[in-house]
Amino acid sequence: MVAQPGGSPVPGRRGGSRTAEPGPGLRLWRRTGAARAALRRRYWATVPARLRLLRAATVLLAAGLVILLLVAGLATLGTWSSVADRDAPRTTSAADLGLALNDMDAQAANILLSNGDAGKGRLQTPYTRAVGFYGDARRQIGHDLRTLAVAAQGSPADEKTVESLTDDFAAYQELIGRALENDGHHGGKPAALADYRRATDLLRTQLLPAAGNLVSSNNAAFEAEYSSARSTLSAQFAAVLALGVLLLAVLGVLQWYLARSFRRILNPAVLAATVCTLLAVALASKVLSASADHLRVARHDAFDSVVALSRARAVAYDANADESRYLLDPQRRIQYEDSFLAKSQALYGLKGATLSTYDDELATSWRAYRADHHDLRFTGEFRRELDNITFPGERAAAEKTVDTYAVYQRDDRKIRALLAAGKEREAVEFCMDWAPGTSNAHFGAWMAALDRVAGINRAHFTSSVDEGRSALNGLLPWVGGLLGAAMLLAVPGLRPRLAEFR
């Protein structure tokens, strides 16, 4: 080394040098590598490290499954509560409101029609029944409006609709009250009829369309709730399967590693944890798939028919009211005749049919359907129901409904024929009497048949809700218990093997 003055060596010269310090990047890479090596030695390089890692993975995956199933169970129970306690009741309440409005208006017409001149010449039985049904319908409307007001909270559009309905119903009641009061005076029929016209016009232009909008909006909200719940259940089902398969794979690797490292065929505790996990995943999958199936049955197989039949019942009461209006108001007979035909088409639609041809076309198309259930030549609410036959006894009950409807339709032609022949009182008596063989008696038989079909679907809706809740409450605790057992078995099952390395 060549020394500089003062004795310091000269770098780079022969006989002496100084090693360069590593840069910051190299130092960081070395520290990271050292850390990785330390982690590898701690968590994987040794047998105890590998056993502890597999044990931790088992516990974490099992705990994750438990948390996922807890969240899924609570969400599904919340869905069933919404379906049974909110979505279905508010939809049926809206449909019942339309029916009760039609019934109240029909009974008001029947009171005016059967009262005679301030009670003189009154048809006592039809009058008494009409007064009773009128009061029942008015009370039902009040109940439905209160129910819908509660259900509408949180939806500005529905709240506004219910408020408008309440105000319009108050105005409607005032007009009907004046009509009935005027009809109680001698010679008061013309004034009563004028008030009734204004009331029924308000019903048709304001009340019934608003009630129909509520049915549609509430049913749409139910459908949105259903679609969201089904989508969530599908995602949860996939997540449960993924976590379950991963947990089983970890347990399988653990069993294989124990057999390889300790030369034993099976570890009993790990084997038991694997069996518990397999049972838990199978039960969890069953619960979630069963919940989705019960939800589909409740919403589409059952409730779609309930809605169609509720609409059919409301239309039927309105059509029956049109007959009374037709007899009550000669100046509007053409209007009410056309309205009756339109409602008949809404129930059992026959393209191009008129009142004079409707009965024959109904009989022909219905015979074709009874011979071949795929031969559907009609539309309307009855078609909706017949397209959604699902439950035992439902088809026979639905077909009975159409049979009784055909009888009622023939009665309508008899009423119009009696009136055309100048036999007005006979037409009124046949329309309003409840004796066997009269129009009201046949209408009652038709409504009873309709109620039987609706009852079948309501019963299956209720049973689907109950079974969905029962599946969650009955099986999910077992799933949680099995996964808890799997975690508990995995921990002590490895303790003897780990003790060998202490």
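Numbering (this note's numbering), first residue to last: 920 to 1421.
Using N, Cα and C, we set each Cβ at its ideal position, and we do this for glycine too.
None of the values given here were measured: they were computed from a predicted structure.
Rank the options by C-alpha distance to the C-alpha of residue i and give the top, closest one.
| i | options | result |
| --- | --- | --- |
| E1313 | T977, G1356, R1329 and R1371 | R1371 |
| D1006 | H1379, P1355 and E1144 | E1144 |
| V1321 | R1303, R1332, G1035 and F1310 | R1303 |
| R1329 | Y1288, S1263 and L1391 | S1263 |
| D1055 | A991, D1024, S1147 and L1032 | D1024 |
| D1086 | S1074, Q1059, L1064 and H1105 | L1064 |
| A1378 | D1278, L1281 and S1224 | S1224 |
| E1318 | A1282, A1339 and G1131 | A1282 |
| N1138 | N1034, L996, V1384 and R1218 | R1218 |
| A1336 | A1013, A1037, E1242 and L1207 | E1242 |
| G1061 | L1016, L980 and D1291 | L1016 |
| Q1072 | R1009, S1147 and A1316 | R1009 |
| R1117 | F1156, K1342, A1140 and R1244 | R1244 |
| R1230 | P1355, E1078, A1019 and T1357 | A1019 |
| Q1125 | D1306, G1103, A1089 and T1309 | A1089 |
| L1122 | H1105, A1028, G1268 and A1157 | A1028 |
| A1130 | L1099, D1077 and G1171 | D1077 |
| A1070 | H1361, L1391 and D1004 | D1004 |
| A1364 | L1338, I1334, Y1327 and D1257 | Y1327 |
| T1276 | D1331, M1366, I1095 and H1292 | D1331 |
| E1142 | M1351, A976, R1388 and F1222 | F1222 |
| S1146 | I1308, A1211, P1075 and L1247 | A1211 |
| E1256 | N1186, A1290 and I1334 | I1334 |
| S1204 | L1160, A1111 and V1172 | L1160 |
| A1199 | A976, A981, T977 and A975 | A981 |
| G1035 | V1002, T1080 and G1103 | G1103 |
| P1109 | Q1250, R1286, A1290 and D1278 | Q1250 |
| A1148 | W999, A1272 and S1033 | W999 |
| G1299 | H1361, V1234 and G1341 | V1234 |
| S1033 | P1355, Q1059 and L1099 | L1099 |
| K1039 | G1106, V1050, A1290 and R1289 | G1106 |
In the DSSP assignment, the alpha helix (DSSP H) including residue i goes from what residue to what residue?
| i | result |
| --- | --- |
| F1088 | P1075 to D1102 |
| W1285 | L1274 to A1290 |
| N1034 | Note, N1034: premise wrong, no alpha helix (DSSP H); not H, not E. |
| T1298 | From DSSP, T1298 is part of no alpha helix (DSSP H); its letter is neither H nor E. |
| H1213 | P1187 to R1215 |
| P1311 | P1311 -> no alpha helix (DSSP H), and no H or E assigned at all. |
| A1113 | K1108 to L1121 |
| F1222 | Per DSSP, F1222 belongs to no alpha helix (DSSP H) and is neither H nor E. |
| V1002 | Per DSSP, V1002 belongs to no alpha helix (DSSP H) and is neither H nor E. |
| A1071 | No alpha helix (DSSP H) holds A1071; DSSP gives it neither H nor E. |
| A1346 | E1343 to M1351 |
Here's the rule I'm using: 16 or more other beta-carbon atoms within 10 Å means buried, otherwise exposed. How should residue i be labelled?
| i | result |
| --- | --- |
| A1405 | buried |
| P1045 | buried |
| I986 | exposed |
| N1101 | buried |
| L1401 | buried |
| A1409 | buried |
| V1398 | buried |
| L1295 | exposed |
| L973 | buried |
| T1119 | buried |
| A1188 | buried |
| Q1043 | exposed |
| N1239 | buried |
| E1093 | exposed |
| S1012 | buried |
| W1353 | exposed |
| W1175 | exposed |
| S1383 | buried |
| G1163 | buried |
| S1306 | The question names Ser, but residue 1306 is Asp in the sequence shown. That one is exposed. |
| H1293 | exposed |
| L989 | exposed |
| S1083 | exposed |
| S874 | No answer is possible for residue 874: it lies beyond the span of the chain, which begins at 920 and ends at 1421. |
To the nearest whole angstrom, what separates the beta carbons of residue i and residue j, a pair I think is in contact under 8 Å?
| i | j | result |
| --- | --- | --- |
| R1232 | L1369 | 6 Å |
| A1373 | L1228 | 4 Å |
| L1394 | V1206 | 5 Å |
| N1359 | M1366 | Actually they do not touch by this definition, with Cβ atoms about 10 Å apart. |
| T1193 | L1170 | 5 Å |
| L1274 | G1387 | Going by Cβ atoms, the distance from L1274 to G1387 rounds to 47 Å, so no, they are not a contact pair. |
| L1167 | L1197 | 7 Å |
Name the DSSP beta bridge partners of residue i, please?
| i | result |
| --- | --- |
| G1268 | T1298 |
| K1333 | Its beta-bridge partners do not exist; DSSP assigns none. |
| K1039 | D1036 |
Kindly indicate if chain B contains any beta-carbon less than 7 Å away from that of residue i.
| i | result |
| --- | --- |
| L1016 | As a matter of chain content, chain B is missing from the structure shown, which is built from one protein chain. |
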